[in-house]
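These notes concern the structure reproduced below.
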Amino acid sequence: MLKLQNIDAYYGFIHALKNININIKKGEIVTILGANGAGKTSTLKVISGLLKPQKGKIKFNNKSFNKYTPEKIVSEGIIQSPEGRQIFPELSVEENLKAGAYTRKDRNNIENSLEEVYNYFPILKERKKQYAGTLSGGEQQMLAIARALMAKPKILLLDEPSLGLAPIIVKEIFQIIKDINKEGTTVLLVEQNAYQALSIADYGYILETGKVVLEGNSKELLVNTDIKKAYLGGN
1 MLKLQNIDAY YGFIHALKNI NINIKKGEIV TILGANGAGK TSTLKVISGL LKPQKGKIKF
61 NNKSFNKYTP EKIVSEGIIQ SPEGRQIFPE LSVEENLKAG AYTRKDRNNI ENSLEEVYNY
121 FPILKERKKQ YAGTLSGGEQ QMLAIARALM AKPKILLLDE PSLGLAPIIV KEIFQIIKDI
181 NKEGTTVLLV EQNAYQALSI ADYGYILETG KVVLEGNSKE LLVNTDIKKA YLGGN
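Note that the UniProt record's numbering numbers the sequence shown so that position 43 is 43, with each residue one more than the last.
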């Protein structure tokens, strides 16, 4: 469905991504793991068109979109929920959600989509008239994901959805991601919480200093000794 082939990308003279190869199949949850500075967010920026690769190909459903603008990529159904949530704090919850649907042409179905995201996130329905900036951190993360869902993604890109959240909220967020995937949305999940990410993913990639150093079935990565030592606190 989505392929990154031999991608090299730079910030000025900084070589951020080095010969990255990633393959995401329809219906999967794929996770990208790594420490800060490993290249996880840079990979998402390449997919979203915010960082143009100097080498390599990006293909979505066998179409090359190296030269697509971010707006065109969104219109193709590749939607990102960014790190840090980036909600609109002075708008209501419902206004934030409707902003997520601004690219859609089927305006008559937006109310149905609102009800769908409220089914995933009932707390947002309770808070729909509340200013988004007054929500808790966990509720803001739910809003960020729900806003991305309002765009009807074919692939949902999630950048550090567990960042800064209490463990009980993290567990809830990851269960919702599983539910979203079961309903047919392909998910690319960038995370530092390796255990939670691998627990719900089908396949994983480990990045270090802009390179893929390990990849495989998520269940195999969970029991990999090197992964345990580096990310899961194992001996």
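Glycine included, every Cβ here is placed at the ideal spot set by N, Cα and C.
- The region 130-193 is shown to contain whole beta strand (DSSP E) runs of 3 or more residues at 155-159, 186-191, in chain order.
- For TYR120, the closest alpha carbon among the candidates ASN181, LYS45, PRO53 is that of ASN181.
- For secondary structure counted as the alpha helix (DSSP H) over 4 or more consecutive residues, the region 66-119 holds these complete runs in sequence order: 70-75, 93-99.
- DSSP, read as helix, strand or coil, puts ALA230 in helix.
- Under the DSSP assignment, LEU222 falls in the alpha helix (DSSP H) whose first and last residues are 218-222.
- Between the beta-carbon of LYS59 and that of LYS3 there is about 5 Å, and that keeps the pair under the 8 Å contact cut.
- Spanning the alpha carbons of SER48 and ILE20 requires a straight line of approximately 15 Å.
- Assignment of beta-bridge partners to GLN5 by DSSP yields LYS57.
- Beyond the five residues adjoining it in sequence on each side, GLN54 comes within less than 7 Å, by CB distance, of ASP8, ALA9, TYR10 in the same chain, given in chain order.
- Between the region 67-76 and the region 126-144 there are fewer than three inter-stretch CB-CB distances shorter than 8 Å, so the stretches are not counted as touching.
- Scanning its chain for C-beta atoms nearer than 6 Å, with the 5 sequence neighbours on each side dropped, one finds around LYS211 the residues LYS18, in chain order.
- Excluding its 5 nearest sequence neighbours in each direction, ASN193 has C-beta neighbours in its own chain below 7 Å: SER162, VAL170, listed in chain order.
- In the three-state scheme derived from DSSP, where H, G and I count as helix and E and B as strand, GLU126 is classed as helix.
- Note that the region 100-113 does not touch the region 189-203; fewer than 3 beta-carbon pairs, one per stretch, sit closer than 8 Å.
- Distance from the Cα of GLY77 is smallest, within the candidate group THR186, TYR195, GLY56, for THR186.
- The beta-carbon distance between GLY204 and LEU33, rounded to whole angstroms, is 6 Å. This is short enough to meet the 8 Å contact definition.
- According to the DSSP assignment, LYS40 belongs to the alpha helix (DSSP H) that extends over 40-48.
- For GLU208, the enclosing beta strand (DSSP E) begins and ends at 203-208.
- Per DSSP, the unbroken beta strand (DSSP E) holding LEU17 starts and ends at 14-24.
- By the neighbour-count criterion, in which a residue is buried when 16 or more other Cβ atoms sit within 10 angstroms of its Cβ, PHE174 is buried.
- Around the C-beta of ARG107, fewer than 16 other C-beta atoms lie within 10 Å, and the residue is accordingly described as exposed.
- By the criterion of a C-beta distance shorter than 6 Å, LEU221 is surrounded in its chain by LEU198, GLY204, ILE227, once the five residues flanking it on both sides are discounted.
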